[in-house]
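Going down the list, the protein sequences come from chains A and B.
Sequential numbering of the first sequence, starting at 1, is according to full-length UniProt numbering.
Sequential numbering of the second sequence, starting at 1, is according to full-length UniProt numbering.
No residue lacks a Cβ here, since even glycine has one placed at the ideal position from N, Cα and C.
What follows is a set of notes on a single structure, which appears directly below.
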Amino acid sequence: MAGDASGDGGEVKYPLDAESYRLLCKIGSGVSAVVYKAVCLPLGSAVVAIKAIDLERSRANLDDVWREAKAMALLSHRNVLRAHCSFTVGSHLWVVMPFMGAGSLHSILSHGFPDGLPEPCVAVVLKETLRALCYLHEQGRIHRDIKAGNILVDSDGSVKLADFGVSASIYETTPAASSFSGPIHAAPSAALSSSCFNDLAGTPYWMAPEVIHSHVGYGMKADIWSFGITALELAHGRPPLSHLPPSKSMLMRITSRVRLEDAESSTKRKKFSKAFKDMVSSCLCQEPAKRPSAEKLLRHPFFKGCRSRDYLVRNVLAAVPSIEERCKDTNLCGCARGARCVSPCRHVNIVKTRRISGWNFNEENLEFDPTEGTTEKRCFPFHKEDPIELESSNSTGDDNEDRRTVTQGNHEKEAIGFKEVVVPQLMTILESLEMQRGMVMHVLESGGCHVDGNGCGMAASGEREEMLLGYVRQLEHRVEELSTEVQEEMARNARLEKLLQERVNDQLKTNSSQTSGSN
Amino acid sequence: MKGLFKSKPRTPVDVVRQTRENLVYLDLNFGSRGGDAKREEKMAELSKNIRELKSILYGNGESEPVTEACVQLTQEFFRENTLRLLIIHLPKLNLETRKDATQVVANLQRQQVSSKIVASEYLESNKDLLDILILGYENMDIALHYGAMLRECIRHQSIARYVLESEHMKKFFDYIQLPNFDIASDASATFKELLTRHKATVAEFLTNNYDWFFEEFNSRLLSSTNYITKRQAIKLLGDMLLDRSNAAVMMRYVSSKDNLMILMNLLRDSSKNIQIEAFHVFKLFAANKNKPAEVVNILVTNRSKLLRFFAGFKTDKEDEQFEADKEQVIKEISAL
Chain A
1 MAGDASGDGG EVKYPLDAES YRLLCKIGSG VSAVVYKAVC LPLGSAVVAI
51 KAIDLERSRA NLDDVWREAK AMALLSHRNV LRAHCSFTVG SHLWVVMPFM
101 GAGSLHSILS HGFPDGLPEP CVAVVLKETL RALCYLHEQG RIHRDIKAGN
151 ILVDSDGSVK LADFGVSASI YETTPAASSF SGPIHAAPSA ALSSSCFNDL
201 AGTPYWMAPE VIHSHVGYGM KADIWSFGIT ALELAHGRPP LSHLPPSKSM
251 LMRITSRVRL EDAESSTKRK KFSKAFKDMV SSCLCQEPAK RPSAEKLLRH
301 PFFKGCRSRD YLVRNVLAAV PSIEERCKDT NLCGCARGAR CVSPCRHVNI
351 VKTRRISGWN FNEENLEFDP TEGTTEKRCF PFHKEDPIEL ESSNSTGDDN
401 EDRRTVTQGN HEKEAIGFKE VVVPQLMTIL ESLEMQRGMV MHVLESGGCH
451 VDGNGCGMAA SGEREEMLLG YVRQLEHRVE ELSTEVQEEM ARNARLEKLL
501 QERVNDQLKT NSSQTSGSN
Chain B
1 MKGLFKSKPR TPVDVVRQTR ENLVYLDLNF GSRGGDAKRE EKMAELSKNI
51 RELKSILYGN GESEPVTEAC VQLTQEFFRE NTLRLLIIHL PKLNLETRKD
101 ATQVVANLQR QQVSSKIVAS EYLESNKDLL DILILGYENM DIALHYGAML
151 RECIRHQSIA RYVLESEHMK KFFDYIQLPN FDIASDASAT FKELLTRHKA
201 TVAEFLTNNY DWFFEEFNSR LLSSTNYITK RQAIKLLGDM LLDRSNAAVM
251 MRYVSSKDNL MILMNLLRDS SKNIQIEAFH VFKLFAANKN KPAEVVNILV
301 TNRSKLLRFF AGFKTDKEDE QFEADKEQVI KEISAL
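Next up, the structure:
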């Protein structure tokens with residue numbers, strides 16, 4: 001019995017109408033949801049967080065929203081953020097949740113630990129998160145969006161995993177990064193596994209037991225991958241490869257072919273314990289079956305002798321400003337209209353921490369622990385698959401730098417060629433897209449659903465709204481056009497890339513034949 | 001005692017029997033204050049047993065379920081009134097056990113014993129259990145559990161028919177609009193299941209109950225001030241009317257000027273999603289080859305407005321079917 005509450009009426013009942021709550025300030029925003037700090041008036045002004053999800057804007061269908069809200073209502077674990085209640089206000093769904101005083105770890109990182117948390121603190125956070133993950137997986141649920149932005153800390157140092165489900169289904173189509181956005185830390189297999197999951201989710205009640213087990217079992221390992229990425233995010237202050245632009249699909253495709261080195265983390269390398277590295281690399285096995293289960297991971301030596309939540313309060317929370325102060329700090333936040341928006345803020349994310357969803361981890365892992373050749377081979381079948389290429393690239397005398405392994409050099413070569421062709425153009429397009437998206441967001445925020453001082457009315461003076469809506473549609477149209485352009489560009493690049501590949505191969509062949517001939 | 005359990009693996013039949021014994025104990029002793037410690041112990045045992053049932057039916061991480069074990073379990077479960085006891089005492093169980101119990105009940109609805117669905121037979125002779133499950137929507141603590149069980153039970157055609165024809169059907173119009181989002185949506189999902197799953201039964205129900213049903217549907221759901229109620233109702237209406245098996249009901253629906261007026265108002269709704277769903281029903285009015293005069297009148301009176309509206313009416317994503325339908329509607333209206 002993992003649950004604590006018996007749920008039989010002993011709990012506080014939160015009122016189900018907007019009038020009972022007073023919104024204090026905005027503490028986070030995503031593309032179709034805003035999170036507020038609020039008080040519940042009938043409950044002696046108890047502090048809560050309210051996530052207002054715009055059901056009209058989110059593309060997800062209502063059934064998905066419901067399924068996830070229901071799942072959330074039925075979860076009960078001290079490391080899982082459980083909603084107090086949810087109800088509709090106009091076309092918004094308000095989800096009333098406990099207020100977590102220290103905010104998300106993403107916010108903590110960007111306001112006090114840009115280069116990552118000390119390792120003992122990382123251990124505390126990860127252990128608590130892992131407990132939540134154990135519980136979810138035992139319940140047959142996949143979080144699908146594990147990342148620092150979804151790990152919340154209260155002022156007493158307690159850690160809760162948040163935003164499972166509702167966010168996953170709602171933000172799937174929104175690459176504009178924020179803490180509430182899509183599955184940024186998704187595993188390479190996640191595109192596949194999450195679509196499997198979606199197919200199933202369509203009819204979960206009729207799902208055969210064997211289906212539940214086999215498929216969910218697969219998806220759970222995607223959570224473990226994300227957990228590994230989150231470990232690196234906490235340790236380095238940002239996820240690996242985060243200097244790249246955030247567009248999901250595009251990078252999925254790029255990274256599936258090109259291995260890019262995470263320049264940032266290699267310049268500011270930090271020292272981590274062997275246990276930590278070992279724990280992370282076990283999570284980042286390309287082969288889902290080889291990643292440990294959450295339960296097994298919890299028994300990993302890295303989590304032995306883990307500190308308490310007080311340690312977190314003294315060493316982390318003491319070093320960052322309170323959520324309210326982060327609210328006031330508009331410079332850090334860079335938000336429009338002086339909105340009191342705590343990071344994770346849209347602008348910060350777009351400009352500073354570009355995040356992506358698909359990783360290929362070969363380089364990172366090597367760079368991470370270059371001596372562990374055996375682990376790498378066991379974990380990454382990719383290398384085994386093209387031994388011929390490896391040899392040929394070696395024999396061409398590629399000037400492998402001392403730290404680099406042979407494999408890396410090979411990919412590097414491929415990567416540079418491809419990068420030159422593709423990346424600059426895609427970057428331009430993406431930047432343009434991001435800008436447009438930003439503008440749409442601004443317009444919506446200033447016109448659509450802002451919160452006025454005395455309450456929560458969705459201010460809507462007819463004409464102005466009409467005008468703004470028109471403007472928004474125009475912009476959306478433009479974004480769509482640009483998306484199409486990106487698509488076309490992608491196709492073109494794929495062709496170019498193929499050509500390039502062929503030429504490289506030809507060259508390699510001639511080279512190697514020359515070398516062998518001269519020998 | 002405990003050693004005894006461990007030394008010999010219990011058969012599925014044993015687990016069902018012990019579950020039942022625990023439930024009977026709960027049934028007899030719940031009110032009494034005296035044996036609290038004993039009751040706690042029995043509750044813990046019950047939780048363990050229900051989890052065991054779940055792992056037999058679903059398998060666990062390591063092993064897949066064994067058909068023979070499932071058959072034995074199912075037979076024993078429905079041989080006596082275990083399901084009744086479990087449903088009645090569900091509110092006394094803790095959250096995790098309730099979830100396990102719900103999954104067990106769900107799974108049992110699909111289990112076959114010598115190619116018969118035992119659960120369906122049991123429910124047919126215990127229909128009052130369905131009344132209990134439906135009324136669960138009035139109790140926030142158990143609504144989601146009973147709701148999930150109910151949706152499993154109405155997979156059986158005979159059971160769905162019972163619910164459709166019961167007085168409870170009217171209650172759904174209230175449940176769907178409960179302020180609690182989780183519960184309202186759950187009721188809504190059950191409602192939709194009832195009205196879409198068993199085609200012939202649904203067609204028969206709609207034909208026999210046309211007047212009151214669509215009166216309620218129009219006035220309470222389609223004209224609701226609640227965004228979600230409206231959005232779900234218009235979607236469901238489209239699903240029902242566009243189903244081939246409901247063709248007769250559809251013809252009747254699209255021959256009414258009152259219905260047309262409601263749909264035309266929904267076309268102007270502030271929500272784009274509702275507009276689009278409303279269009280999928282509105283197009284049926286326009287496509288009807290035998291439009292009654294009153295329907296034609298309204299369409300003709302509003303012709304220029306409608307055409308203007310459709311000229312600017314677009315989906316967010318490109319949708320060929322939608323565009324084709326729209327062209328067709330424009331053609332029909334222009335030709336009137």
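Where residue i sits in the DSSP three-state scheme
i	result
His84/A	coil
Ser249/A	The predicted position of Ser249/A is uncertain, since its pLDDT is 38 and thus under 50; no value can be drawn from it.
Arg22/A	strand
His236/A	helix
Lys230/B	helix
Val202/B	helix
Asp316/B	coil
Backbone CA spacing between residue i and residue j [nearest angstrom]
i	j	result
Val295/B	Ala311/B	21 Å
Glu152/B	Leu306/B	43 Å
Arg39/B	Asn29/B	8 Å
Leu75/A	Gly59/B	21 Å
Leu242/B	Leu263/B	15 Å
Glu138/B	Asp27/B	22 Å
Pro42/A	Ser86/A	16 Å
residue 520/A	Arg299/A	Residue 520/A lies beyond the range of chain A shown here (1 to 519); nothing can be said about it.
Asn331/A	Glu325/A	Note that Asn331/A scores 35 on pLDDT, short of 50, meaning its location in the model is unreliable; the coordinates nonetheless yield the value given after this. Each residue's Cα considered, the two are about 12 Å apart.
His168/B	Ala294/A	44 Å
Pro120/A	Ala101/B	40 Å
Lys69/B	Val113/B	Lys is not the amino acid found at residue 69/B; the sequence shown has Ala there. In a straight line, the C-alpha of Ala69/B is about 11 Å away from that of Val113/B.
Asn273/B	Trp225/A	36 Å
Asp278/A	Lys160/A	25 Å
Ser256/B	Met250/B	10 Å
Leu24/A	Ile151/A	22 Å
Buried versus exposed, by CB contacts within 10 Å (16 or more), residue i
i	result
Ala491/A	exposed
Arg303/B	exposed
Gly470/A	exposed
Glu64/B	exposed
Pro9/B	exposed
Trp212/B	exposed
Met100/A	buried
Gly30/A	buried
Asn208/B	exposed
Glu320/B	exposed
Chain-ordered chain B contacts of residue i [CB-CB under 7 Å]
i	result
Ser86/A	Phe181, Asp182
Contacts of residue i in chain B (Cβ-Cβ under 9 Å)
i	result
Asp54/A	Residues of chain B passing the Cβ test: none, with the nearest at roughly 11 Å.
Presumed contact (8 Å Cβ cut-off) between residue i and residue j, rounded CB distance
i	j	result
Val313/A	Ile108/A	Going by Cβ atoms, the distance from Val313/A to Ile108/A rounds to 12 Å, so no, they are not a contact pair.
Val35/A	Ala18/A	So it is not a contact: roughly 15 Å between Cβ atoms.
Leu90/B	Arg20/B	Between Arg20/B and Leu90/B the Cβ distance is about 15 Å, and since that is not below 8 Å, they are no contact.
Asn94/B	Ser47/B	7 Å
His77/A	Met97/A	With 8 Å as the limit, His77/A and Met97/A do not qualify as a contact, their Cβ atoms being about 14 Å apart.
Gly103/A	Ile323/A	5 Å
Gly116/A	Gly237/A	4 Å
Phe282/B	Leu299/B	Wrong, their Cβ atoms sit about 10 Å apart, outside the cutoff.
Pro240/A	Leu232/A	6 Å
Glu277/B	Ile330/B	With 8 Å as the limit, Glu277/B and Ile330/B do not qualify as a contact, their Cβ atoms being about 19 Å apart.
Ser245/B	Ala200/B	6 Å
Leu73/B	Val16/B	6 Å
Within chain B, partners of residue i - CB distance below 8 Å
i	result
Lys70/A	Leu144, Asp182, Ser185, Asp186
residue 548/A	Chain A is shown only over 1 to 519; residue 548/A falls outside these bounds and no answer can be derived.
Ala73/A	Leu144, Asp182
Asp223/A	Those within 8 Å of Asp223/A in chain B number zero; the least Cβ separation is about 15 Å.
Beta-carbon neighbours of residue i, restricted to chain A and to distances below 7 Å
i	result
residue 341/B	Lying before the first or after the last residue shown, residue 341/B is absent from chain B, which here runs from 1 to 336.
Tyr137/B	Neighbours of Tyr137/B on chain A: none; closest Cβ ~13 Å, over 7 Å.
Listed by chain order, chain A residues near residue i by CB distance under 8 Å
i	result
Asn226/B	Thr88
Ala189/B	Asp63, Trp66
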